[in-house]
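Protein sequences, first through last, are from chains A and B. In terms of the working numbering, the first sequence is residues 1 to 409. In terms of the working numbering, the second sequence is residues 410 to 636. Glycine residues also receive a C-beta, built at the ideal position from the N, C-alpha and C atoms. Note that the coordinates shown come from a computational prediction; the quantities given were computed from them, not determined experimentally.
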Amino acid sequence: MALAGGPGPHRGKPRWDPSGGGALSVFLAFRLAWRQLRHEKSRLAAAISGVVFACLLIFMQLGFMTALFESAVQIQKSLNADLFLMHSTTEALWRSTPFPRARLAQALALPEVERVAPIYVQNVVWRNPETSLKRTLLLFGVDPTSGVVGFPGLTADGLAAITKPDVILFDARAKPEFGAVPSWLAVGPVVSELGNRRAEVAGLFEIGATFGSEGNALTSEANFWRFVPNHSPAQVNVGAIVLRAGADAAAAQAALRRILPDDVMVLTKPGLIAFEKNYWANTAPVGFIFGLGVVIGLIVGCVIVYQILFSDISRHIGEYATLKAMGYTNGYLVRVVMGEALILAVLGYIPGWILGLGLYELASAQIFIPLTMTVEKSIGVFALIFGMCVISGLLAIRKLKDANPADMF
Amino acid sequence: MDAVRISGLTHRFGDGETAKPVLHGLDLGVAAGEVVLLTGPSGSGKTTLLTLIGGLRAVQEGSCVVLGTELAGADEATRVAVRRRVGFIFQHHNLLGFLTARQNVAMALEVDARLSEAARLMRADAMLDAVGIGEKARAYPATLSGGQRQRVAIARALANEPGLILADEPTAALDARTGHETMELLQRLAKEQRRTVFIVTHDPRIHDIADRIIAMEDGHIIEGAHA
Chain A
1 MALAGGPGPH RGKPRWDPSG GGALSVFLAF RLAWRQLRHE KSRLAAAISG
51 VVFACLLIFM QLGFMTALFE SAVQIQKSLN ADLFLMHSTT EALWRSTPFP
101 RARLAQALAL PEVERVAPIY VQNVVWRNPE TSLKRTLLLF GVDPTSGVVG
151 FPGLTADGLA AITKPDVILF DARAKPEFGA VPSWLAVGPV VSELGNRRAE
201 VAGLFEIGAT FGSEGNALTS EANFWRFVPN HSPAQVNVGA IVLRAGADAA
251 AAQAALRRIL PDDVMVLTKP GLIAFEKNYW ANTAPVGFIF GLGVVIGLIV
301 GCVIVYQILF SDISRHIGEY ATLKAMGYTN GYLVRVVMGE ALILAVLGYI
351 PGWILGLGLY ELASAQIFIP LTMTVEKSIG VFALIFGMCV ISGLLAIRKL
401 KDANPADMF
Chain B
410 MDAVRISGLT HRFGDGETAK PVLHGLDLGV AAGEVVLLTG PSGSGKTTLL
460 TLIGGLRAVQ EGSCVVLGTE LAGADEATRV AVRRRVGFIF QHHNLLGFLT
510 ARQNVAMALE VDARLSEAAR LMRADAMLDA VGIGEKARAY PATLSGGQRQ
560 RVAIARALAN EPGLILADEP TAALDARTGH ETMELLQRLA KEQRRTVFIV
610 THDPRIHDIA DRIIAMEDGH IIEGAHA
């Protein structure tokens, strides 16, 4: 018959180990893995949803974590100065300890310093004029002509308006519980109470809720002291220092550290941002909590994938033993199981990414914390999911030892 | 050259004082192209002998040369290499449930990565034609009858042009007529392709397909050791 011709693979010892390695062998093992997975659609769906779940959990945790860090430093990023003074016991801007205003005057002694500007910061209660509900926002007091506050959306008209008594600028992206200030402002003046004092909103800027505050407001120094009467003008929360053009920030920072008492710390702008991020990551256990969430997501995913792979091997143990009897090596079967794990990783990640994107949009729209899908995050989560499936596969392949071809008879 | 040459083959299960001997110094030769039946009551050591010849178990004592390879003292890699030159037919067909008939047969050829995918499938289809179920090539085992499954298993065992075919109770799961038909088919193909076949069976109804019948009892060969 026709089969008698052709090179007989049985003639002589194999000169290579076909199931021992090589791209083709890996491809064949992965193809077998895929055929095995696809044969039982409901089990495959269950396995994929396990990976999708882990994927979503991790995306949400990482999304909130990065949003936390980004939103926490929005204000710092929009300050226009080269160096900043804060009290040495200050942990974060929203709960900063004031320091003597005299430190700013001392800083002027340094020839590189062009000018200084104090920034006053205090949590103040705002009354929603519609519902009379009282909520705390973060009020900033600055000299509007100093130019150190560069909040997005600030206008020259707005900055001019806050020099008038009891006039403030309001955060257009504050939580809705503060009232629909932007839309009211479009039709007429908005008047309410800030710190038990009548306040008129004359304009807007855009910062939005951060993890430290639900909304923000900006006014002049003189108004700040009226809204916060117990805040002494001699006590400053943040000191902004603008250097002369061409001055070296790091050198000026070192010089200021030498001439200023150690009740204040001197930070560059990147240093100020890093300082605030570090507070949320480490001092406030928020960063740890989100990190823990990621780990839990990975463990849950690991357990699900391991269970699926382990029971798959158990149910196919006779088939695997048959393959061994046919001359397939243990290494080939390991590649089949790892192939299943990696296929599950990819098939779970794709819908996981899409659903993650949807949840990010939903979160941004509903809770006003912008969650962004970045390339770094996408790759990072894929790496985590991939690693998770590899670990599950490595745990499951121990079960392959039970596939003993001698037991097939 | 003999396909199988065994001398002084002894095998025990367990260690030390509790060790249970199952084979006692067997001597046996199977010539190339021969169809041999191994019969005997349960526990006589037939299946153990089959797994030793197939390289599925390590040889403990004595000599066992299969297709020119000495299996006594052979490492796992050598035994894997021998298995690739042996076709197995199991009692319960042992087809891969998630593969179609032709994919199951092609699995015997995938061990040999030198063949192209097209060549593998072509040979698989030709083998299924040869066992008379070419039209079931794309069916999954679950949709086939017992006899059809065993035919696929025969096609798979023959696909890789093995020097030796080992079958363990191949008719146990089949009714008398189907069992006999399948074994006749195996014998005819083996003779056409000049393959050596070694069948372990209880089934007296298939004795007529054998060139020689070897009888075992309590780990001894009592009849038919040499051609």
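Please report the residue range of the alpha helix (DSSP H) in which residue i lies.
| i | result |
| --- | --- |
| glycine 50 of chain A | 41-72 |
| threonine 460 of chain B | 455-462 |
| serine 378 of chain A | 375-396 |
| aspartate 586 of chain B | This sequence places arginine at residue 586 of chain B; aspartate is not what is there. Residues 585-602. |
| proline 176 of chain A | Here proline 176 of chain A belongs to no alpha helix (DSSP H), and DSSP marks it neither H nor E. |
| aspartate 171 of chain A | Note, aspartate 171 of chain A: premise wrong, no alpha helix (DSSP H); beta strand (DSSP E) at 167-171. |
| isoleucine 542 of chain B | It is not in any alpha helix (DSSP H) - isoleucine 542 of chain B carries neither H nor E in the DSSP assignment. |
Taking the C-alpha atoms as reference points, what is the distance between residue i and residue j?
| i | j | result |
| --- | --- | --- |
| glutamate 340 of chain A | glutamine 602 of chain B | 38 Å |
| aspartate 534 of chain B | alanine 546 of chain B | 7 Å |
| alanine 582 of chain B | glutamine 500 of chain B | 7 Å |
| isoleucine 385 of chain A | leucine 395 of chain A | 15 Å |
| glycine 555 of chain B | alanine 23 of chain A | 37 Å |
| threonine 90 of chain A | leucine 218 of chain A | 21 Å |
| glycine 297 of chain A | isoleucine 58 of chain A | 6 Å |
| phenylalanine 507 of chain B | alanine 325 of chain A | 18 Å |
| arginine 472 of chain B | arginine 414 of chain B | It should be pointed out that residue 472 of chain B corresponds to serine in this sequence rather than to arginine. The alpha-carbon atoms of serine 472 of chain B and arginine 414 of chain B are separated by roughly 8 Å. |
| lysine 175 of chain A | serine 311 of chain A | 49 Å |
| leucine 362 of chain A | phenylalanine 382 of chain A | 22 Å |
| arginine 494 of chain B | phenylalanine 53 of chain A | 46 Å |
| alanine 467 of chain B | glycine 449 of chain B | 23 Å |
| leucine 553 of chain B | isoleucine 498 of chain B | 17 Å |
| threonine 374 of chain A | glycine 348 of chain A | 19 Å |
| alanine 527 of chain B | glutamate 519 of chain B | 11 Å |
| leucine 256 of chain A | alanine 160 of chain A | 32 Å |
| arginine 173 of chain A | glycine 293 of chain A | 28 Å |
| leucine 104 of chain A | serine 232 of chain A | 15 Å |
| glycine 464 of chain B | phenylalanine 30 of chain A | 27 Å |
| isoleucine 462 of chain B | isoleucine 379 of chain A | 52 Å |
| threonine 283 of chain A | glutamate 193 of chain A | 33 Å |
| threonine 478 of chain B | aspartate 436 of chain B | 17 Å |
Less than 8 Å between the beta carbons of residue i and residue j, yes or no?
| i | j | result |
| --- | --- | --- |
| methionine 531 of chain B | leucine 567 of chain B | no |
| tryptophan 280 of chain A | leucine 56 of chain A | no |
| serine 96 of chain A | valine 295 of chain A | no |
| leucine 446 of chain B | threonine 610 of chain B | yes |
| leucine 371 of chain A | serine 364 of chain A | yes |
| valine 125 of chain A | glycine 195 of chain A | yes |
| glycine 475 of chain B | valine 489 of chain B | The identity of residue 475 of chain B in the sequence shown is valine, whereas the question assumes glycine. Taking 8 Å as the Cβ cut-off, valine 475 of chain B and valine 489 of chain B do not qualify as a contacting pair. |
| methionine 86 of chain A | leucine 260 of chain A | no |
| phenylalanine 99 of chain A | asparagine 216 of chain A | no |
| leucine 432 of chain B | leucine 458 of chain B | yes |
| glutamate 114 of chain A | arginine 244 of chain A | yes |
Going along the chain, which residues of its own chain have a beta-carbon closer than 7 Å to the beta-carbon of residue i, five neighbours each way excluded?
| i | result |
| --- | --- |
| cysteine 302 of chain A | Met388, Ile391 and Ser392 |
| valine 514 of chain B | Ala533, Met536, Leu537, Val561, Ala564, Arg565 and Ala568 |
| glycine 543 of chain B | Asp534 and Leu537 |
| alanine 33 of chain A | Val336, Gly339, Glu340 and Ile343 |
| histidine 589 of chain B | Arg614 and Ile615 |
| glutamate 319 of chain A | none |
| threonine 456 of chain B | Asp577 and Val609 |
| serine 213 of chain A | Trp94, Leu137 and Leu138 |
Between which two residues does the beta strand (DSSP E) carrying residue i extend?
| i | result |
| --- | --- |
| glycine 203 of chain A | 197-205 |
| glutamate 319 of chain A | No beta strand (DSSP E) holds glutamate 319 of chain A; the alpha helix (DSSP H) holding it covers 317-325. |
| glutamate 626 of chain B | 621-626 |
| lysine 399 of chain A | Per DSSP, lysine 399 of chain A belongs to no beta strand (DSSP E) and is neither H nor E. |
| glycine 150 of chain A | Here glycine 150 of chain A belongs to no beta strand (DSSP E), and DSSP marks it neither H nor E. |
| arginine 135 of chain A | 134-142 |
| glutamine 366 of chain A | Segment 330-367 is the alpha helix (DSSP H) holding glutamine 366 of chain A; no beta strand (DSSP E) there. |
Can you give me the Cβ contacts of residue i inside the same chain, cut-off strictly under 6 Å, excluding the 5 residues immediately before and after it?
| i | result |
| --- | --- |
| glutamate 632 of chain B | Ala624 |
| isoleucine 608 of chain B | Leu446 and Ala576 |
| arginine 15 of chain A | At arginine 15 of chain A, the pLDDT of 39 sits below 50, so the modelled position is not reliable and the matter cannot be decided from this model. |
| proline 7 of chain A | Because the pLDDT at proline 7 of chain A is just 40, under 50, the model does not fix this residue reliably, and the value given afterwards should be weighed accordingly. The answer is none, since no qualifying residue turns up. |
| tryptophan 184 of chain A | Val190 |
| phenylalanine 224 of chain A | Tyr120 and Gly141 |
Leaving out the 5 sequence neighbours to the left and right, which residues in its chain are closer than 8 Å to residue i when beta-carbon positions are compared?
| i | result |
| --- | --- |
| valine 148 of chain A | Leu79, Asn80, Ala81, Ala117, Ile119, Val142, Ala240 and Val242 |
| glutamate 443 of chain B | Ala412, Thr605, Val606, Asp620, Arg621 and Ala636 |
Selection of the segment 385-405 of chain A by Cβ proximity to chain B, strictly under 9 Å:
Within the segment 385-405 of chain A, the residues whose Cβ lies closer than 9 Å to some Cβ of chain B are Asn404 and Pro405, listed in chain order.
Mind listing which residues of the segment 450-461 of chain B have their C-beta closer than 8 Å to chain A's C-betas, in chain order?
Thr456, Leu459 and Thr460
Taking a cut of 9 Å between CB atoms, which residues from the segment 584-613 of chain B lie near chain A?
Leu598, Glu601, Gln602, Arg603 and Val609
Taking Cβ-Cβ distances below 7 Å as the criterion, which residues of the segment 480-494 of chain B are in contact with chain A?
Val489, Ala490, Arg492, Arg493 and Arg494
Could you name the residues of the segment 555-587 of chain B whose beta carbon sits closer than 7 Å to any beta carbon of chain A, in the order they occur along the chain?
Asn569, Glu570, Pro571, Gly572 and Asp577
For the segment 30-64 of chain A, which residues have a beta carbon sitting closer than 7 Å to at least one beta carbon of chain B?
Correct list: Arg35, Gln36 and His39.
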